[in-house]
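Below: the structure, in structure tokens.
Number of protein chains: 2
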Amino acid sequence: MTKVCAVIMAGGVGTRFWPRSRERSPKQLLEILGKGTMIQNTVKRLDKFIDPENVFIVTNKIQKGLVAKQLPNVREENIVVEPVGRNTAPCIGLAALHVLRIDPSAVMLVLPADHLIQDVVEFQRVIELAVEIAHGSGNLMTIGIHPTHPETGYGYIQMYNEDGKHNPYFSKGVYKVKTFAEKPNLQVAERFLASGDFLWNSGMFVWRADAILRSIKQCLPDLHSELMKIGTAIGTPQYQSTLEMVYGVIRGISVDYGVMEKSEDVFVIPGQFGWSDIGSWDEVYRIAGKDDRGNSINGRVIHRDTNNSFVYSENRVIATIGVSDLIIVDTGDALLVCKRGRSQDVKEISDYLKRKQMNEYL
Amino acid sequence: MTKVCAVIMAGGVGTRFWPRSRERSPKQLLEILGKGTMIQNTVKRLDKFIDPENVFIVTNKIQKGLVAKQLPNVREENIVVEPVGRNTAPCIGLAALHVLRIDPSAVMLVLPADHLIQDVVEFQRVIELAVEIAHGSGNLMTIGIHPTHPETGYGYIQMYNEDGKHNPYFSKGVYKVKTFAEKPNLQVAERFLASGDFLWNSGMFVWRADAILRSIKQCLPDLHSELMKIGTAIGTPQYQSTLEMVYGVIRGISVDYGVMEKSEDVFVIPGQFGWSDIGSWDEVYRIAGKDDRGNSINGRVIHRDTNNSFVYSENRVIATIGVSDLIIVDTGDALLVCKRGRSQDVKEISDYLKRKQMNEYL
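Protein chains in written order, with the numbering used here: chain A, 1 to 362; chain B, 1001 to 1362.
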């Protein structure tokens, strides 16, 4: 039977959800929509088809405690801590080393910790198809999302939209990848959308652990040789010092551009399972349930003549009068009042706080 | 020499300044504009011409402690506590009894505790003129304000705008009062403004203590006979119980309509000393200093692309992005976000909190 391990990447700082997201409690560790934190819901979605002991989390020192607390069913030794963030290629390579110790032929399912997936049945179907192909062929599989609008906040995957290009899986709804594209500007995004052969890059991948390490070796040989030092040290008293030494010298690079883009035989499965990376308060508002005035009201809020607004109160009473199209997020020590459509600028607030060394608000 | 006593009425609950104003800390006890609380500034304005030992405060049980703390120079026995609020006529009658104990011919200057006066020199000139006439003649004097716009939030005083009506003080800029008008609707207020003989009723009065008690006797004989019971009890162990007994039976009525409207020989002096009753957050915004984007920023606020807004933070960090024409008032346990021009509706929030018995927020 194919052993499938999930690797959940949970190192993000989530500055776009300030003031709720902080260094110690980034987006993935918050209840953003409904019950359960993002990471709890990410793990819960795997319940039906992945054994809890095969779930790995890659996180950082600051968040480790809260991750462990929120996920009591994840084995402590499966919480892998990176000394510093070096983007996804080193993160995934490190996780692959841990997965290989469980089973040398294991398939890895790589998932961001902070995405929304509304149709779990369809999600499971797509993942199981990807696992089947990845296990049998050693190919690198990625999950794409059919774009619904010319989003400039996502990367894109271009696929060969026909079966001529050595694609034995075409009849199963699996496409060969032509190229990965970085976040486009609006004009380019509109072109992508119109072309019909671009998908959103969801950041979800499926492959055998040995296959991704082999691809890292081909595409990023320096990273691979450093990772091998960690591989040798796993389970020994030298693990921690080796890890820190290696992370001190490797450079940050994403798996998309460092590995996938340069590899042959990369396939993508387009998924339609109500996916969103919920990248901003505007997107939370878009997805959230609303009352008949278009408001998403969370917490103790007294609203008068208030329309199309998102209001979140952690503890305090909020009164709104005569306002429209606002995002109001109120926490213990900080408050955001932002015009709807402007929530991408929330990042500027974090940048400002960092510059001014107002660290207690980061 | 004329003995002048100031009587500062400080019983208001100030629901319009929620969430800053509360039952225990109403508007007059808050720093609303610049340094010093409203009542501290009211007392400070009298520094130059009224002996601190002749300053009286009429307040209620809930506020007494904070009043005494904010005004260390006011004698404790000069802080008069009403058992319940019964509008201005009983309040002023009670104060008159206390003033008479200091000097049977004393002149009383009655002042609300929560008004703004920007030109203190002119204010003093007007008051001294009123004192001079009130002391010599026994007339009831009131201070009016030249209206600058058809305000519907104030009462109005109509004056005889010529000297024919038995007015020996016309040459001094003093007018005989024709009538008092309640808060008008906009149409009526516009008529008042156009007529030229209506002034705003500032709620400031000047009279001899014996004169106002005489007028109360004429106009409100029931109130007067009850007040006499208190007068007999002042300085005896029966004072408190008599006060409570009397306040249990008298009805609430304002001095304007209960006494002034029915009295002969009431005079008004129009003042132009930068007066405002600061009745709402909108008016605070109007008066406050502003930056070049029209913002009045108070406290730790990070503002990006924010215009024509009033932002007040007690303790927390507030970030605003892309908003205009907002009033944001942030306190320890409650937050207001209100469109500019809508701050009169803040009272509805207090009403709601009262109805829902959310007493900790009142």
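Beta carbons are placed, not taken as given, at the ideal position from N, Cα and C, and that holds for glycine.
Quick caveat, the model's predicted, so the values are computed rather than measured.
- With the rule of 3 Cβ pairs closer than 8 Å, the stretch 1263-1275 of chain B does not count as touching the stretch 1318-1337 of chain B.
- Contacts with chain B at 8 Å (Cβ-Cβ) include A/Tyr361.
- Taking the beta carbon of B/Arg1304 as reference, the chain A residues within 8 Å of it are Asp345, Glu348, Ile349, listed in sequence order.
- Counting other Cβ atoms within 10 Å of its Cβ, A/Asn78 reaches 16 or more and is therefore classed as buried.
- Annotation for B/Met1038: Lys1027, Gln1028, Leu1030, Ile1032, Ala1113, Asp1114 place their beta carbon closer than 7 Å to its own, counting only its chain and skipping 5 residues before and after.
- A/Phe170 sits in a helix when the DSSP states are folded into three classes.
- Taking a C-beta distance under 8 Å as the contact criterion, B/Leu1227 and B/Gly1093 qualify as a contact pair.
- Listed by position along chain B, the residues whose Cβ is nearer than 7 Å to that of A/Arg316 are Asp1333, Ala1334, Leu1335.
- The alpha helix (DSSP H) runs of length 4 or more contained entirely in the stretch 184-234 of chain A are, from start to end of the chain, 186-195, 209-219, 221-233.
- The beta-carbon distance between B/Ala1181 and B/Gly1155, rounded to whole angstroms, is 6 Å. This is short enough to meet the 8 Å contact definition.
- Look at the beta carbons and you see the stretch 291-299 of chain A not touching the stretch 158-177 of chain A: under three pairs across the two are nearer than 8 Å.
- Residue pairing for A/Val268: DSSP places it in a beta bridge opposite A/Thr142, A/Tyr175.
- DSSP, read as helix, strand or coil, puts B/Gln1158 in strand.
- B/Phe1123 is not bridged by DSSP to any residue.
- DSSP, reduced to helix, strand and coil, places A/Phe17 within a helical segment of the structure shown.
- In the three-state reduction of the DSSP assignment, B/Val1081 falls in the strand class, which pools E and B.
- Chain A has a Cβ within less than 8 Å of the Cβ of B/Val1323.
- Here B/Ser1296 carries a strand assignment [DSSP, helix/strand/coil].
- One thing to note: A/Ile321 has its Cβ within 8 Å of the Cβ of A/Arg304.
- Counting only Cβ-Cβ distances below 7 Å, A/Ile328 has contacts in chain B at Val1337, in chain order.
- Between the stretch 218-232 of chain A and the stretch 123-132 of chain A there are fewer than three inter-stretch CB-CB distances shorter than 8 Å, so the stretches are not counted as touching.
- In the DSSP assignment, A/Met38 falls within the alpha helix (DSSP H) that extends over 38-44.
- Remark: C-beta atoms of B/Tyr1247 and B/Val1007 do not approach each other more closely than 8 Å.
- In this structure, DSSP gives A/Asn308 a state outside helix and strand, which the three-state scheme calls coil.
- For B/Thr1042, the number of other beta carbons within 10 angstroms of its own is at least 16, and it is reported as buried.
- For A/Asp51, there is no enclosing alpha helix (DSSP H), as DSSP gives it neither H nor E.
- In this structure A/Phe17 is in contact with A/Trp281, their Cβ atoms being roughly 7 Å apart against a cut-off of 8 Å.
- Short of 7 Å from the beta carbon of A/Ile62, and not among the five residues preceding or following it, lie these beta carbons of its own chain, in chain order: Glu23, Arg24.
- The Cβ-Cβ distance between A/Met260 and A/Val206 does not fall below 8 Å.
- Taking all protein chains shown into account, A/Pro72 has fewer than 16 neighbouring C-beta atoms within 10 Å of its C-beta and is therefore exposed.
- In the DSSP secondary-structure assignment, A/Phe180 is bridged to A/Ile157.
- In this chain, A/Ala113 is not harboured by any beta strand (DSSP E), its DSSP state being neither H nor E.
- B/Leu1066 sits in a helix when the DSSP states are folded into three classes.
- Under the criterion of beta carbons closer than 8 Å, B/Arg1316 and A/Leu362 do not qualify as touching, at roughly 15 Å.
- Counting the other CB atoms within 10 Å of its CB gives B/Leu1213 a total of 16 or more, which places it among the buried residues.
- Residue-level contact by beta carbon holds for B/Tyr1352 and chain A, with a gap shorter than 8 Å.
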